[in-house]
Structures are given as structure tokens and as C-alpha cells.
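> Here my numbering is used: position 210 in the sequence shown is 231, and no number is missing along the way.
By construction, the Cβ of each residue, glycine as well, lies at the ideal position given by its N, Cα and C atoms.
Please find one structure pasted underneath; my questions will follow.
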Amino acid sequence: MSKILIVADHLNGQLNGAVARCVTAARAIDGAEIHIVVLAADPAPLAAQAAAIEGVAKVLTVANAAFAHLIAQQVAPAMAQIATGYSHVFGPSSSFGKDVMPAIAALLDAPQVSDLMSVESSHRFTRPIYAGNAIITVEAPADKTVVATVRSASWPATGNGGAASIETVSVEATLPNHTQFVELKQGSSDRPDLQAAAKVVSGGRALGSAEAFSIIYSLADKMGAAVGASRAAVDAGYVPNELQVGQTGKIIAPELYIACGISGAIQHLTGIKDAGTIVAINKDSEAPIFEVADFGLVGDLFTLVPELEKAL
Ligand code: FAD
22 MSKILIVADH LNGQLNGAVA RCVTAARAID GAEIHIVVLA ADPAPLAAQA
72 AAIEGVAKVL TVANAAFAHL IAQQVAPAMA QIATGYSHVF GPSSSFGKDV
122 MPAIAALLDA PQVSDLMSVE SSHRFTRPIY AGNAIITVEA PADKTVVATV
172 RSASWPATGN GGAASIETVS VEATLPNHTQ FVELKQGSSD RPDLQAAAKV
222 VSGGRALGSA EAFSIIYSLA DKMGAAVGAS RAAVDAGYVP NELQVGQTGK
272 IIAPELYIAC GISGAIQHLT GIKDAGTIVA INKDSEAPIF EVADFGLVGD
322 LFTLVPELEK AL
């Protein structure tokens, strides 16, 4: 029987929503027993959140001041010890997951499956390659632990309703001190988080300046939506890097995505593959974005975006 351990990603006392998506992926493996491990300075409130996720049998907690801020170099040795006896170790394809899971795989001498999209059996999975242009089926060796990152956009979050038991575990592994957390710098915004938002309004190169991008923020605020951008808009300095959507930015799956002045390059479309409804505003009726859009408005965004906001 599969026994799956999920590494909890968390920040400021909140479990990352991607953990509940990992649980959904784990539940796709027939008869799997699912555990979540919370490594934190104060794991109790996080463990309570994890225990409430339906389908989770047990939450393991490791309390250590070193885990006040999770970094791969310290989490991986602890995980390598805790993972003993598990057939699978899953983590989200968040920045933390992408950092820590390969380190865990290396310590367990196991090959990693990245960006798990669907489960065919306990050891066969699909994952995207070539920037999402092709889907490959991969099979992990049966005699090794399966270490995998779960592609958040491919899995809905499992809801609450669970009541898993919570157990404290101690870790004897020596945590290296060659790498230490120093500081976290992040943009502060009252707007919804780009990766979790149900609605996203994005702007591209066509905006032309940081000042002009204000019409995108204004429409997004009217709709309670998060703001995204193409790489061209980010590279031109109209918006900060963390707003980039696409292959080298964020992979998102909102219910509604509105692309304003974005051509629809394949690297951008990779980031919105799993979006529900796509709306495109572009003055070029031949723009590739219209091939994937459910609704298209051909025209000047500087006229259409304010009009749309007014109509809302
Ligand atoms: P453009 O392609 O210049 O398109 C601007 C669009 O705006 C055009 O379609 C134009 O018709 C329209 N327009 C102009 N004026 C107006 C107006 N007034 N009203 C309405 N429409 C107007 N890109 C990403 O977005 N995300 C990524 O993660 C990413 N990763 C990449 C990784 C690699 C390895 C490479 C090589 C490229 C990557 N790119 C990525 C870049 C990508 O190839 C495109 O260059 C980029 O997405 C283009 O951004 P854009 O659509 O804003 O600009």
C-alpha cells in the first residue's frame, strides 16, 4: 500500500493553499495513506490547519527554531530522516517545493518526478515538457521512494472536514549551518495573491509605461482580481517581477483571466493553460491570444479597458 508524506509549505503561520492540492494528488493514488509533516518553530497552529484537510490520516510535527523560515538546506536532511518507511514524498511546485524536493530526492537517492499533472498508477504519472506543449508519461522505479513536486494548477484543493491525529516527531539529523536564513523581502499588496486568485487581469507590452499600467490595476480592483503581466511588461519595468505569468513566471489557474495588450506567445500561454475563461483585448485581430481566448475584444485597450471598468 502507498504511504505518502507531504511536506507542508507555510509562511507567517499560514499553510500554503498548495498543500491541499498536494493532498488531492495523493488521493488519486488508490488506497494511499496520507500524512503531512509540518516543520516549524511553532508547528501547532499549522498542524491544526493541516489536520483539517479531508483525507489526511496523520500530521507529524517537528518543532525547531531552525524552521522559523524554511530553507532547503535545513529542511532536506530532516525530511530524509522522516521519510523513512514512506513510498512517496510529495511537495507543492511552489518556490519552496522546487527548492527542497530535489534536495530530498538526492539525499534519498531517488529520482524526482517534477510537476506531476495526473496519476496513472502509484508509480506512473504525467507531467508537462517543452513549456507545456507536450505531456509525457513517466514511471518511477518501484524499489525507490517516489519524490515528486505537484503542479498546483492541475489539482483542485481538497476541502476541510478532516480530523487527522497530530503526532510530534523528533529529528536526530544534524542540520547544516553553512546556509542560514537572513531576510525575506516581498512586495506588500492588499490585492489578491496572483497564484490563488479566482480572477486575474494582466497587462502586456502594449501598456507602454508603469504609469499607464494603472488602468490594469484599476480594472482589477473594481473586480476584486489579482494583477498579472507578460514578461515583456516585466522586463520593461512597468510592474515588478512577481507579477509575471508564464513559463518563467507563475503558472496560474484562475476561473477568469483577462489579457490586455498581450500577444499570446507560447511562453505566456503556458502560464494560463488551466485558466477557466480567457478574455483577450488586443488591437490586432490576428494576435495568437485569440486562438485560446473564449471571448475576444478587438480594439485599443486604452479605450476598451476604461469602458469595461465603467460598465462593471
Ligand atoms: P508583445 O508580444 O509585444 O505583444 C503586445 C501585444 O499588444 C500585441 O499583440 C499588440 O497587437 C497588442 N497591442 C499593442 N498596442 C495595443 C493597444 N493600444 N491596445 C490593444 N492591444 C495592443 N513571456 C511571458 O509573458 N511569460 C513568461 O514566463 C515568458 N517566459 C519566456 C521564456 C523564454 C525562454 C523566452 C524565450 C521567452 C519568454 N517569454 C515569456 C517572452 C515571450 O516570448 C513574449 O516575448 C512575451 O510574452 C511578449 O509579451 P507581450 O505579449 O506583452 O508583448
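What residue range is occupied by the uninterrupted alpha helix (DSSP H) comprising ALA72?
Here the question's residue 72 lines up with position 51 in the sequence shown. First-last of the alpha helix (DSSP H) with ALA72: 65-72.
> I'd like the list of long-range same chain contacts for TYR259, defined as Cβ closer than 6 Å, with 5 residues on each side in sequence excluded.
Here residue 259 corresponds to residue number 238 of the sequence shown, with the count starting at 1. Around TYR259: LEU228, ALA231, PHE234.
> Please confirm whether ALA246 and PRO197 have their CB atoms less than 8 Å apart.
The residue given as residue 246 occupies position 225 in the sequence shown. The residue given as residue 197 occupies position 176 in the sequence shown. Their beta carbons are not under 8 Å apart, which means ALA246 does not touch PRO197 by this criterion.
> Could you say if the segment 120-128 and the segment 212-226 meet the contact criterion of at least three C-beta pairs nearer than 8 Å?
Contact between the segment 120-128 and the segment 212-226 is absent, because fewer than three Cβ pairs lie under 8 Å.
> Quick check on this structure: which residue in ASP256, ASP136, ALA286, SER186 has the alpha carbon closest to the alpha carbon of ASN82?
The residue you call residue 82 lines up with position 61 of the sequence shown. The identity of residue 82 in the sequence shown is Thr, whereas the question assumes Asn. The shortest C-alpha separation from THR82 is found at SER186.
> Within 10 angstroms of its Cβ, does TYR278 collect 16 or more other Cβ (buried), or is it exposed?
Your numbering for residue 278 matches position 257 in the sequence shown. TYR278 comes out buried.
> Over the uninterrupted beta strand (DSSP E) stretch that includes GLN95, give me the two end residues.
By one-based count along the sequence shown, residue 95 stands at place 74. Premise fails: GLN95 lies in the alpha helix (DSSP H), 93-103, not in any beta strand (DSSP E).
> Helix or strand or just coil, what does DSSP make of ALA242?
Along the sequence shown, read from residue 1 onward, the residue named residue 242 stands at position 221. At residue 242 the sequence reads Asp, which differs from the Ala that was named. In this structure, ASP242 counts as helix in the three-state DSSP scheme.
> Note down the Cα distance separating MET244 from ASP130, rounded to an integer number of angstroms.
Stepping through the sequence shown from its first residue, residue 244 is reached at position 223. Stepping through the sequence shown from its first residue, residue 130 is reached at position 109. So the alpha carbons of these two residues sit roughly 48 Å apart.
> Taking 5 Å as the limit, tell me which residues put their C-beta closer than that to any heavy atom of the ligand FAD, in chain order.
Output, sorted by chain position: GLY225, ARG226, ALA227, SER251, ARG252, ALA253, GLY267, GLN268, THR269, GLY270, GLY282, ILE283, SER284, ALA286, GLN288, HIS289, ASN303, LYS304, ASP305, ALA308, ASP321, LEU322.
> Residues in the same chain with beta-carbon distance under 6 Å from ASN262, minus the five sequence neighbours each way, listed in chain order, please.
Locating residue 262 in the sequence shown gives position 241, counting from the first residue. Taken in chain order, the residues that qualify are VAL255.
> Which first and last residues belong to the alpha helix (DSSP H) in which GLY118 is found?
Translated into the one-based positions of the sequence shown, residue 118 becomes position 97. Taken as a continuous stretch (DSSP letters only), the alpha helix (DSSP H) holding GLY118 covers 116-128.
> For PRO113, count the other beta carbons within 10 Å of its own beta carbon; 16 or more makes it buried, fewer makes it exposed. Which is it?
Numbered from its first residue, the sequence shown carries residue 113 at position 92. The residue in question, PRO113, is buried, as its Cβ has 16 or more Cβ neighbours within 10 Å.
> Tell me the DSSP secondary structure of TYR278 in three-state form.
On the sequence shown, position 257 is the one that residue 278 refers to. Three-state result, TYR278: strand.
> Can you look up HIS289 in the DSSP assignment and give me helix, strand or coil?
Taking the first residue of the sequence shown as 1, we reach residue 289 at position 268. Of the three classes helix, strand and coil, the one that applies to HIS289 here is helix, per DSSP.
> How about THR179 and VAL80: are their beta carbons less than 8 Å apart?
Counting from 1 along the sequence shown, the entry for residue 179 is found at position 158. Counting from 1 along the sequence shown, the entry for residue 80 is found at position 59. No, Cβ-Cβ distance for THR179 and VAL80 is not below 8 Å.
> Nearest to ALA155 by alpha carbon, out of VAL319, LEU60, ALA93, ILE287?
Locating residue 155 in the sequence shown gives position 134, counting from the first residue. Minimum Cα distance to ALA155 is reached at ILE287.
> Answer yes if the segment 139-150 comes into contact with the segment 58-75, meaning at least three C-beta pairs across the two stretches below 8 Å, and no otherwise.
Too few Cβ pairs lie closer than 8 Å, so no.
> State the Cα-Cα distance for the pair GLY208 and THR298, rounded to the nearest angstrom.
What you label residue 208 is simply residue 187 of the sequence shown in a count that begins at 1. What you label residue 298 is simply residue 277 of the sequence shown in a count that begins at 1. If you take the alpha carbons of GLY208 and THR298, they lie about 28 Å apart.
> With DSSP run on the structure shown, which of helix, strand or coil describes ASP214?
On the sequence shown, residue 214 is found 193 positions in, with the first residue counted as 1. Here ASP214 sits in coil by DSSP.
> Expressed to the nearest angstrom, what Euclidean distance is found between the alpha-carbon atoms of TYR151 and SER210?
Position 130 of the sequence shown, counted from the first residue, corresponds to residue 151. Position 189 of the sequence shown, counted from the first residue, corresponds to residue 210. Using only the alpha carbons, I get a separation of about 33 Å.
> Just to confirm, is the Cβ distance from VAL266 to ALA250 under 8 Å?
Here the question's residue 266 lines up with position 245 in the sequence shown. Here the question's residue 250 lines up with position 229 in the sequence shown. Yes, the Cβ-Cβ distance between VAL266 and ALA250 is below 8 Å.
> To the nearest angstrom, report how far apart ASP164 and PRO66 are at their CA atoms.
For the purposes of this step, residue 164 is identified with residue 143 of the sequence shown, where counting begins at 1. For the purposes of this step, residue 66 is identified with residue 45 of the sequence shown, where counting begins at 1. Cα-Cα distance, rounded: 36 Å.
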